[in-house]
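Residue numbers (my numbering): 1237 to 1746.
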């Protein structure tokens, strides 16, 4: 018989009985994992939380930060409300991260665990292991049915299932490939190494596939181990050398194959960029033959030398600004007017319209001024010279992982600063931490979101040189935080979907 789903009314009653009316449910309950909004009556804070996490002990994040150190008696009350008399705290509570001794009154077992883990739902290991032992042995038929429920008729189990750790033979029905797998791992991950390019082929076989896929335009130099280990290659068109992934350059299955990264980059730039001739044509459309371009056009933000045919004056200007103004000569306009606050505001408006606002007085091209991004509301300091060359709001340049972190911190009313600098932490200049967490203006900890470029060379992020530099910077940051007793949380890009859970756990332990 299937378990009856909990109703909205039942969940609200559970919350009331558990917290004695201290928390109010604002959204309709759907299931244990779908986040709902709750209000803490004592402080008025409203935030989103998974019902399952709340019932296991997760409470108001604002009050948790304000009252980070609880007394032994307060902790005992939390435990009692959570598990009643099933468990007994034997040693004295110090903080959420220091292990305490706990006794399970039903089995008499003693074990040590951090308060955070216990409040988060972890219980007696002895009883958990016994329960798992009862439930983990399946019959061959039951395991085969599980595989069918997960993968349909994609795979066949060819040998007898014994237990979750004894390897069995499975067959991928699409390609016919057979292999030995661990039953537990296969059930959770599945996949065919032949179809997923994980099956190794010989070096000579790889050369043949590379020649067939690229008609001799890409040359294999050496270093081949398997399809998922980088090997040295050379492009015969542009002579660029790089470490390429064999499975991407010559995949074993039909599908998209990659080529020379340098040629691809050039094609992309040519596709989106103006040529020198196109820029001259655009200039002629807006200003006729009044101006002459004296230097080579590179990009819309790289300054070029302009000659005014009427007065003979020459000066450097950003192409995008010059085109937007439909041509202008600073000598003929206000007799080479020097830039002041009003003039700089006018330049900003002509460049980005009303997307940005100047909040400070102009002091010079290299002296930072306070700017505001009117779309997101972020305020930051930037040198006028950098802004005119194309640098924009640092908040809106944050990667999607960093955006998810920022959203969590805002939703939970946690005081933070992005791109935080500590003057003593340096490497060829000041190093920036993605986020700094504060409580009443006191630094509690730092957060770093590590993208793929922190773990392997990526051409789009500067390749091997940038990768080696990032490793040095990460090591310096780690050592600095360790030496100064500053909690540092690093979130791997592969844990993007778990960001919320990771942050909740980390903040709870601060």
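Think of the CB as a built atom: it goes at the ideal place given N, C-alpha and C, for glycine as much as any other residue.
Because the structure is a prediction, the values reported are computed rather than measured.
Task: Simplified DSSP state of residue 1486, which is helix, strand or coil - done: Taking the first residue of the chain shown as 1, we reach residue 1486 at position 250. It is coil, neither helix nor strand.
TODO: Mind listing, in chain order, the continuous beta strand (DSSP E) runs of no fewer than 3 residues lying wholly within the segment 1387–1442?
DONE: 1391–1393, 1404–1408 and 1414–1417
Task: Meets three-Cβ-pair contact criterion under 8 Å: the segment 1597–1607 and the segment 1518–1529 - done: no
Task: alpha helix (DSSP H) segments (min. 4 residues) lying fully within the segment 1511–1556 - done: The segment 1511–1556 contains, as complete alpha helix (DSSP H) runs of 4+ residues, the segments 1512–1523 (chain order).
- [ ] Report, in whole angstroms, the separation of the C-beta atoms of residue 1552 and residue 1566, which I expect to be a contact under 8 Å.
- [x] Position 316 of the chain shown, counted from the start, is the residue given in the question as residue 1552. Position 330 of the chain shown, counted from the start, is the residue given in the question as residue 1566. With a Cβ gap of about 11 Å, residue 1552 and residue 1566 do not count as contacting.
Open item on the list: Going by C-alpha to C-alpha distance, which of 1330, 1703 and 1293 sits closest to residue 1354?
Closed with: Taking the first residue of the chain shown as position 1, residue 1354 is located at position 118. If we check each option's Cα against that of residue 1354, 1293 comes out closest.
Task: At least 3 beta-carbon pairs within less than 8 Å: the segment 1323–1338 vs the segment 1680–1696 - done: In the pairwise beta carbon analysis, the segment 1323–1338 is classified as not touching the segment 1680–1696: fewer than three pairs are separated by under 8 Å.
Open item on the list: Using CA atoms only, rank isn't needed, just tell me which of 1279, 1496 and 1645 is closest to residue 1451.
Closed with: Locating residue 1451 in the chain shown gives position 215, where the first residue counts as 1. Residue 1496 is the option with its Cα nearest to residue 1451.
Task: Inter-stretch contact at 8 Å, needing at least 3 Cβ pairs: the segment 1645–1654 / the segment 1698–1716 - done: no
Task: Between the CA atoms of residue 1467 and residue 1440 - distance to the nearest angstrom - done: Here the question's residue 1440 lines up with position 204 in the chain shown. Here the question's residue 1467 lines up with position 231 in the chain shown. Straight-line measurement puts the Cα of residue 1467 at about 14 Å from the Cα of residue 1440.
Open item on the list: In the DSSP output, which residue or residues are listed as bridge partners for residue 1337?
Closed with: Residue mapping note: residue 1337 aligns to position 101 of the chain shown, counting from 1. The partner list for residue 1337 (beta bridge, DSSP) reads 1348.
Task: Burial state of residue 1583, where buried means 16 or more other Cβ atoms lie within 10 Å - done: Position 347 of the chain shown holds residue 1583. Under this definition residue 1583 is a buried residue.
Open item on the list: Using only CA atoms, which one of 1484, 1276 and 1454 lies nearest to residue 1431?
Closed with: By one-based count along the chain shown, residue 1431 stands at place 195. It is 1484 whose Cα lies nearest to the Cα of residue 1431.
Open item on the list: List, from N- to C-terminal side, the alpha helix (DSSP H) runs of 4 residues or more that fit wholly inside the segment 1306–1336.
Closed with: 1308–1319
TODO: Identify the continuous alpha helix (DSSP H) that holds residue 1710 and give its terminal residues.
DONE: Locating residue 1710 in the chain shown gives position 474, counting from the first residue. 1699–1719 is the extent of the alpha helix (DSSP H) around residue 1710.
Task: Terminal residues of the alpha helix (DSSP H) in which residue 1622 lies - done: As a position in the chain shown, residue 1622 is number 386, starting the count at 1. 1620–1624 is the extent of the alpha helix (DSSP H) around residue 1622.
- [ ] Counting only the same chain and skipping the five closest in sequence on each side, list residues whose C-beta sits under 6 Å from that of residue 1268.
- [x] For the purposes of this step, residue 1268 is taken as the residue at position 32 of the chain shown. Hits under 6 Å: 1287 and 1288.
Open item on the list: At 3 residues or longer, what runs of the beta strand (DSSP E) sit wholly inside the segment 1247–1295?
Closed with: With a minimum length of 3 residues, the continuous beta strand (DSSP E) runs that stay inside the segment 1247–1295 are 1259–1261, 1272–1276 and 1282–1285.
Open item on the list: At the level of alpha carbons, what is the spacing between residue 1547 and residue 1577?
Closed with: Along the chain shown, read from residue 1 onward, the residue named residue 1547 stands at position 311. Along the chain shown, read from residue 1 onward, the residue named residue 1577 stands at position 341. One C-alpha to the other measures close to 27 Å.
Task: Where residue 1686 falls: helix, strand or coil (DSSP) - done: Indexing the chain shown from 1 puts residue 1686 at position 450. Of the three classes helix, strand and coil, the one that applies to residue 1686 here is strand, per DSSP.
Open item on the list: Please state whether the Cβ-Cβ distance between residue 1604 and residue 1619 is less than 8 Å.
Closed with: Here the question's residue 1604 lines up with position 368 in the chain shown. Here the question's residue 1619 lines up with position 383 in the chain shown. Yes. Within cutoff.
- [ ] Taking only the alpha-carbon atoms, compute the straight-line gap between residue 1262 and residue 1736 and give it to the nearest angstrom.
- [x] By one-based count along the chain shown, residue 1262 stands at place 26. By one-based count along the chain shown, residue 1736 stands at place 500. Those two C-alpha atoms are separated by around 20 Å.
- [ ] Name the two residues that bound the continuous beta strand (DSSP E) containing residue 1458.
- [x] In the chain shown, residue 1458 corresponds to position 222, counting from 1. First-last of the beta strand (DSSP E) with residue 1458: 1454–1458.
- [ ] Would you mind working out which of 1677, 1678, 1658 and 1663 sits nearest residue 1669, comparing C-alpha positions?
- [x] Within the chain shown, numbered from 1, the residue matching residue 1669 stands at position 433. Taking only the C-alpha atoms, the option nearest residue 1669 is 1658.
TODO: Name the one or two DSSP bridge partners that residue 1675 has.
DONE: In the chain shown, counting from the first residue as 1, residue 1675 sits at position 439. DSSP lists 1678 as partners of residue 1675.
Open item on the list: Within the continuous alpha helix (DSSP H) that includes residue 1580, where are the two ends?
Closed with: Within the chain shown, the letter at position 344 stands for residue 1580. Here the alpha helix (DSSP H) through residue 1580 covers 1577–1588.
Task: Endpoints, the alpha helix (DSSP H) within which residue 1745 is located - done: Taking the chain shown and counting its residues from 1, one reaches residue 1745 at position 509. Start and end: 1735–1745.
- [ ] State the Cα-Cα distance for the pair residue 1661 and residue 1672, rounded to the nearest angstrom.
- [x] As a first step, residue 1661 is located in the chain shown; it is residue number 425 there, counting from the start. As a first step, residue 1672 is located in the chain shown; it is residue number 436 there, counting from the start. Those two C-alpha atoms are separated by around 14 Å.
- [ ] Under 8 Å Cβ to Cβ from residue 1415, same chain only, skipping five residues before and after it: list those, please.
- [x] Residue mapping note: residue 1415 aligns to position 179 of the chain shown, counting from 1. Excluding sequence neighbours, residue 1415 sits near 1405, 1406 and 1429.
TODO: Could you round the C-beta distance between residue 1316 and residue 1341 to whole angstroms and report it? I think they count as a contact, below 8 Å.
DONE: Position 80 of the chain shown holds residue 1316. Position 105 of the chain shown holds residue 1341. Contact doesn't hold; Cβ gap of about 12 Å is too wide.
Open item on the list: Would residue 1423 and residue 1453 qualify as a contact pair, given that the criterion is a beta-carbon distance under 8 Å?
Closed with: Reading the chain shown from its first residue, position 187 is the one you call residue 1423. Reading the chain shown from its first residue, position 217 is the one you call residue 1453. No, these two residues do not count as a Cβ contact at 8 Å.
Open item on the list: Only counting the same chain, and skipping five residues up and downstream in sequence, which positions put a Cβ closer than 6 Å to that of residue 1376?
Closed with: Translated into positions along the chain shown, residue 1376 becomes position 140. Same-chain partners within the cutoff: 1396 and 1397.
Open item on the list: With a threshold of 7 Å on Cβ separation, who are the neighbours of residue 1621 within its own chain once the five nearest residues in sequence on each side are excluded?
Closed with: Against the chain shown, residue 1621 aligns to sequence position 385. Cβ within range, chain order: 1601 and 1602.
- [ ] Give me whichever residues DSSP pairs with residue 1727 in a beta bridge.
- [x] In the chain shown, counting from the first residue as 1, residue 1727 sits at position 491. Residue 1727 pairs with 1685.
Open item on the list: Let's test the definition: count the other Cβ atoms within 10 Å of the Cβ of residue 1520 and tell me whether it reaches 16, buried, or not, exposed.
Closed with: Taking the first residue of the chain shown as position 1, residue 1520 is located at position 284. The residue is exposed, with fewer than 16 neighbouring Cβ atoms inside 10 Å.
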